[in-house]
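S.K.: First the structure, which I've put down as structure tokens, then a few questions once you've had a look.
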Amino acid sequence: MEAVKTLLCVGVCVSAWSITTAGNSIPTAKNVHWMSVDFTTILKWTVQPSDNLYSVLYSEADGDWTESHDCSEMSGTECDLTTHLWPLDRNYQADIKTEDPDYDLEDVPHTYSPHFNPYRASNISAVKFTVQEVDVGTATVNITDSLTAIHKGGKPLSIRDILKKDLQYKISYYKSDSTRKRDVVTQTSVTNVTGLDAGQSYCFMVAAYIPSRPKATQHGAWSTQQCIDGHRNIVQDLSLEAWVGIFFVLLVVLVIIVVVTLLCYRCRHQKNKPQTSQTSAPV
Ligand SMILES: *[C@@H]1O[C@H](CO)[C@@H](O)[C@H](O)[C@H]1NC(C)=O
Ligand SMILES: *[C@@H]1O[C@H](CO)[C@@H](O)[C@H](O)[C@H]1NC(C)=O
Numbered sequence: 029m030e031a032v033k034t035l036l037c038v039g040v041c042v043s044a045w046s047i048t049t050a051g052n053s054i055p056t057a058k059n060v061h062w063m064s065v066d067f068t069t070i071l072k073w074t075v076q077p078s079d080n081l082y083s084v085l086y087s088e089a090d091g092d093w094t095e096s097h098d099c100s101e102m103s104g105t106e107c108d109l110t111t112h113l114w115p116l117d118r119n120y121q122a123d124i125k126t127e128d129p130d131y132d133l134e135d136v137p138h139t140y141s142p143h144f145n146p147y148r149a150s151n152i153s154a155v156k157f158t159v160q161e162v163d164v165g166t167a168t169v170n171i172t173d174s175l176t177a178i179h180k181g182g183k184p185l186s187i188r189d190i191l192k193k194d195l196q197y198k199i200s201y202y203k204s205d206s207t208r209k210r211d212v213v214t215q216t217s218v219t220n221v222t223g224l225d226a227g228q229s230y231c232f233m234v235a236a237y238i239p240s241r242p243k244a245t246q247h248g249a250w251s252t253q254q255c256i257d258g259h260r261n262i263v264q265d266l267s268l269e270a271w272v273g274i275f276f277v278l279l280v281v282l283v284i285i286v287v288v289t290l291l292c293y294r295c296r297h298q299k300n301k302p303q304t305s306q307t308s309a310p311v
């Protein structure tokens, strides 16, 4: 009987202990993920509301862990690791530990991030470009390589400085009265697009294209479209409606001139007349 009692007591004690520890369990970072645009790379996560602070460590694949100075004992839920992830073409991992003095460094509660390679997975934002008709049937597309937040020698590096030969651009264009799009891939930032129909309007869009990357991250964001107006000879390209409009305006102007001239003529005629009529009028 005594044995059963002790056993029960132990059972109750153990479950009570496990309940209290579960209640006190240290919250860890959840949903740890990377957000990266033009090689600015930010680690983000979510936490349950609490007073706990978090510190971020990072490492190159299987390398040593380094604590980020900017993201040490913080209550925020994001950490800009851009300047630490260099060289870019490496697999990095981060680790978010929950600060708690009751734990040894080894078994502190923490959450690993997924691996991330900025060179291969950073999103490329929409680039700026201009397009100009330079000849009949030829337009020049001039793309500006976007600047990144990464500086070397005091100057910001462009996406071309970083991706070098791996950076290509996709130019997509269509005739404004058609929906059929044509694509051109180019290695350079200035490209002549040839074979356009003379006198036609065309609209262009461009996006960075990095075929050396995995499929999911090959394409940058598309820019807003820019159009060129094929109508260079205004007189030749006026529509029938415009001609009819011009004809009516001219007709109205002509009628006004005729009417005004007639009125003036009659006015003067009458001014000259009254001298005689006035004298003859009874006073
Ligand atoms: C890149 O953009 C896509 C689409 O907006 C998004 O789903 C993905 O999370 C982004 N990747 C990074 C690393 O920011
Ligand atoms: C392309 O644009 C840049 C700046 O917008 C300009 O400096 C450069 O001369 C242009 N190149 C050509 C070939 O038009």
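One gets my numbering by counting positions in the sequence shown from 1 and adding 28 to each. We put the CB at the ideal spot given by N, CA and C, even for glycine. What you are looking at is a predicted structure, and each value in this text was computed from that prediction instead of being measured.
If you run the structure through DSSP and keep just helix, strand and coil, what is H143?
M.R.: coil
S.K.: May I ask which residues mark the beginning and end of the alpha helix (DSSP H) holding R118?
M.R.: Per DSSP, R118 is not a residue of any alpha helix (DSSP H), being assigned neither H nor E.
S.K.: Hey, would you say S372 sits closer than 9 angstroms to I152, going by beta carbons?
M.R.: In the structure displayed, the chain extends from 29 to 311; residue 372 sits before or after that span and is not available.
S.K.: Assign G181 to one of two classes, buried (16 or more other C-beta atoms within 10 Å of its C-beta) or exposed (fewer than that).
M.R.: exposed
S.K.: Flag this pair as touching only if the segment 157-167 and the segment 86-101 have three or more C-beta atom pairs under 8 angstroms; answer yes or no.
M.R.: no
S.K.: Out of V75, V283 and T219, which one is the CA nearest neighbour of S83?
M.R.: Ranking V75, V283 and T219 by Cα distance to S83 puts V75 first.
S.K.: Taking the beta carbon of K125 as the centre, do at least 16 other beta carbons fall within 10 Å, making it buried, or is it exposed?
M.R.: buried
S.K.: Where are the beta strand (DSSP E) runs, 3 residues long or more, that stay fully inside the segment 173-248, in chain order?
M.R.: 175-180, 183-186, 196-203, 210-214, 218-221 and 230-237
S.K.: Just reading off the beta strand (DSSP E) that N59 is part of, what are its end residues?
M.R.: Start and end: K58 to V65.
S.K.: Look at Y230 and V212 and say whether their C-beta atoms are less than 9 angstroms apart.
M.R.: no
S.K.: Is there a C-beta anywhere in chain D that falls below 9 angstroms from the one on R210?
M.R.: Within the model displayed, chain D is absent; a lone protein chain is all it includes.
S.K.: When you get a sec, list the residues whose CB is within less than 6 angstroms of any heavy atom of ligand 1, chain order please.
M.R.: W62, M63, S64, A149 and N151
S.K.: Are the segment 194-209 and the segment 220-234 in contact at 8 angstroms, needing three or more beta carbon pairs?
M.R.: yes
S.K.: Please report how far the alpha carbon of I178 lies from the alpha carbon of K209, in whole angstroms.
M.R.: 35 angstroms
S.K.: Using the three-state DSSP reduction, which class does W73 fall into: helix, strand or coil?
M.R.: strand
S.K.: Rounded to whole angstroms, what is the Cα-Cα separation between W114 and T222?
M.R.: Between W114 and T222, the alpha-carbon positions lie close to 40 angstroms from each other.
S.K.: Identify whether T110 lies in helix, strand or coil by the three-state DSSP scheme.
M.R.: helix
S.K.: According to DSSP, is K269 helix, strand or coil?
M.R.: The amino acid occupying residue 269 in the given sequence is Glu; Lys does not appear at that position. DSSP places E269 in helix when its eight states are reduced to three.
S.K.: Mapping DSSP to helix, strand and coil, what is V155?
M.R.: The DSSP-derived three-state label of V155 is coil.
S.K.: Say yes only if the C-beta of T172 is nearer than 8 angstroms to one or more non-hydrogen atoms of ligand 2, and no if none qualify.
M.R.: yes
S.K.: Does ligand 2 have a heavy atom nearer than 8 angstroms to the CB of V218?
M.R.: yes
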